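A.B. asks: Residue numbers (the working numbering): 184 to 248. Here a beta-carbon is modelled for each residue, glycine too, at the ideal position from N, C-alpha and C. Since we're looking at a predicted model, the values are computed, not measured. I'd like to ask some things about the structure below.
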Amino acid sequence: MSGTATNDPPVNEMGLVVVGAAGRMGQALIRAIHTIPGARVAGAIERAGSPHIGKDAGELAGIGT
Numbered sequence: 184m185s186g187t188a189t190n191d192p193p194v195n196e197m198g199l200v201v202v203g204a205a206g207r208m209g210q211a212l213i214r215a216i217h218t219i220p221g222a223r224v225a226g227a228i229e230r231a232g233s234p235h236i237g238k239d240a241g242e243l244a245g246i247g248t
């Protein structure tokens with residue numbers, strides 16, 4: 184057994200975090216990351232109290248889940 188979980192991303196995949204994910208620039212970044220081979224959105228941060236907390240970042244950016 185390799186000791187890694189089956190849901191671990193490939194070693195060559197880069198996980199990126201977007202701060203301000205529900206804003207215009209954050210949504211643009213999520214859409215851009217979605218088009219880059221080997222990159223994925225690993226996290227999306229929004230301000231405390233935002234009505235967008237708990238929503239899927241891809242859906243906020245208009246690209247689905």
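1. Are the CB atoms of A240 and A215 nearer to each other than 9 Å?
2. Per DSSP, what kind of secondary structure is G221 in: helix, strand or coil?
3. Which residues does DSSP pair with L199 in a beta bridge?
4. Please state whether the Cβ-Cβ distance between G226 and G245 is less than 9 Å.
5. Give me the Cα-Cα distance between I213 and V224, rounded to the nearest whole angstrom.
C.D. replies: From the atom records:
1. No, the pair does not count as a contact, with Cβ atoms beyond the cut-off.
2. For G221, the three-state secondary structure derived from DSSP is coil.
3. When DSSP reads this structure, L199 sits in a beta bridge with V224.
4. Not closer than 9 Å, so no.
5. Looking at the two C-alpha atoms, the distance is approximately 7 Å.
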